[in-house]
Amino acid sequence: MFPLCQKSIVEVAAGKSKVGLIDSGYKKLVFFRNATKYFDLEDLLRASAEVLGNGTFGTAYKVVLEIGNIVCMKRLKDVTIPEQEFREKIEVVGSMDHANLVPLRAYYYSRDEKLLVCDYMHMGSLSALLHSEQQSFLFCLSFI
1 MFPLCQKSIV EVAAGKSKVG LIDSGYKKLV FFRNATKYFD LEDLLRASAE VLGNGTFGTA
61 YKVVLEIGNI VCMKRLKDVT IPEQEFREKI EVVGSMDHAN LVPLRAYYYS RDEKLLVCDY
121 MHMGSLSALL HSEQQSFLFC LSFI
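Under UniProt numbering, the letters of the sequence shown match residues 1 to 144, in that order.
See below:
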């Protein structure tokens, strides 16, 4: 299905990118029990993506799927734990259910790639809201 390669590729052009993932062809996205399964790894491979930001743990992308749905994908970097340990930790995160957490929808693990997929938040990140010059978000914070 996918060729086995040594590293991943993200082609960036004019602020948009095609997300290229390397896979042996046997791994799949693992969805959490409450997540709607309307896309798969192949759909992510074909999708256009925009870099949202880079952080300590990797790069976040706004991914527009061919069917029009938008998700956020975090491509983790420098994760060197064994697959079983990764799965155990991600399963704990994926089982969390709280109004202030964006639910994790799916994850992917291979030797060269570790991905987390969650809903895309159209209003941006909490950090961007808190540190923006506009204070228009204050109306929705009930504790202020």
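We put the CB at the ideal spot given by N, CA and C, even for glycine.
Inter-residue CB distance, residue i and residue j (contact presumed, cutoff 8 Å)
i, j, result
"Cys72", "Tyr109", "Between Tyr109 and Cys72 the Cβ distance is about 18 Å, and since that is not below 8 Å, they are no contact."
"Lys74", "Ala60", "5 Å"
"Val63", "Lys114", "Wrong, their Cβ atoms sit about 16 Å apart, outside the cutoff."
Short Cβ contact (8 Å threshold) for residue i with residue j
i, j, result
"Leu104", "Phe39", "no"
"Lys28", "Leu44", "no"
Inter-residue Cα distance where the pair is residue i and residue j
i, j, result
"residue 145", "Leu65", "Lying outside 1 to 144, the shown extent of the chain, residue 145 is not represented and no answer is given."
"Arg111", "Val30", "15 Å"
"Gly53", "Met123", "15 Å"
"Val93", "Leu116", "11 Å"
"Pro82", "Gly58", "18 Å"
"Ser132", "Ala99", "22 Å"
"Ile67", "Thr36", "14 Å"
"Lys89", "Thr56", "18 Å"
"Arg87", "Met96", "14 Å"
"Asn34", "Arg46", "24 Å"
"Leu126", "Val51", "17 Å"
"Glu85", "Ser48", "31 Å"
Boundaries of the beta strand (DSSP E) in which residue i is found, first to last residue
i, result
"Gly68", "Note, Gly68: premise wrong, no beta strand (DSSP E); not H, not E."
"Ala106", "Leu104 to Tyr109"
Neighbourhood of residue i by C-beta, 8 Å cutoff - its chain only, sequence neighbours within 5 removed
i, result
"Val102", "Cys72, Cys118, Asp119 and Met121"
Cβ shell of residue i (< 6 Å), same chain only, five flanking positions each side left out
i, result
"Ile70", "Val64 and Tyr120"
Close-in-space but distant-in-sequence residues of the same chain around residue i (CB under 7 Å, 5 per side omitted)
i, result
"Glu91", "none"
Enclosing alpha helix (DSSP H) for residue i [first to last residue]
i, result
"Val93", "Glu83 to Ser95"
"Ala128", "Leu126 to His131"
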